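A quick write-up on the structure given underneath.
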Amino acid sequence: MFHRAAAITVLLLGCVFAFEFKNVIEFYEGIAMEESQQFQKSLTNDESAALSEIYGKYPDIRQTRKILAEMEKRSPTLYDKFINNKRAKMDKIFNLGSEARAFIMEVMRTEGRYAIQLATGRLDDKVKVAMLNLFKEFEALSSADKADLGKHFPHHFKLFS
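Structure, rendered in structure tokens:
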């Protein structure tokens, strides 16, 4: 009995330590670039210039209220496109089942909390623990919720599965 428990513990620890965080870094580089490129394709030259100036003034992307206020003031059309992009993401979230929705909301909170580290690839211990917790939460989801995530959030599904 003791040997079986010890073997399982060693196996689980091996899985945790075998996990490579470079996969997380590559994922966030890829998804951030893809989403950013899709959004930027919809912008006019004036809107792109305004966006560059705004992010130059507010390099910390967590200053959302200031960034949005500046967007609305400088370019109402840029602001509308940005808000519509956010609404489209929220619509996808609300199409999920309750467990999958709770999971993806936790993913988004974690992404927001550690946005700079995820974007730069500098993952400290707090980020690594948070990501490992998300992987554990994903594993606990039912297969129906996982399928739901795969349908609405294929990039995240690929990362966590």
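Numbering follows UniProt numbering, in which position 101 of the sequence shown is assigned residue number 101; successive positions increment by one, without gaps. In this text, a Cβ means the ideal position worked out from N, Cα and C, and glycines have one as well. Quick caveat, the model's predicted, so the values are computed rather than measured.
For Ala50, the CB contacts under 8 Å within the same chain, skipping 5 residues up- and downstream, are Met71, Arg74, Ser75, Leu78 in chain order. The Cβ atoms of Asp148 and Ala100 lie closer than 7 Å to each other.
Counting C-beta atoms within 10 angstroms of its own C-beta, Tyr55 has fewer than 16 neighbours from the protein chains shown and is therefore classed as exposed.
For Asp60, the secondary structure class from DSSP, reduced to helix, strand or coil, is coil.
Approximately 7 Å separates the beta-carbon atoms of Phe138 and Phe103; this is inside 8 Å, confirming the contact. In the structure shown, Tyr114 adopts coil according to DSSP, grouped into three states. Only exposed fits Met90, as fewer than 16 other CB atoms lie within 10 angstroms of its CB. One thing to note: Val127 has its Cβ within 7 Å of the Cβ of Tyr114. Within the model, the alpha-carbon separation for His155 versus Gly112 is close to 17 Å. Taking 7 Å as the cut-off, the beta carbon of Asn85 is found closer than this to the beta carbon of Phe39. The alpha-carbon separation between Lys41 and Lys92 amounts to approximately 21 Å.
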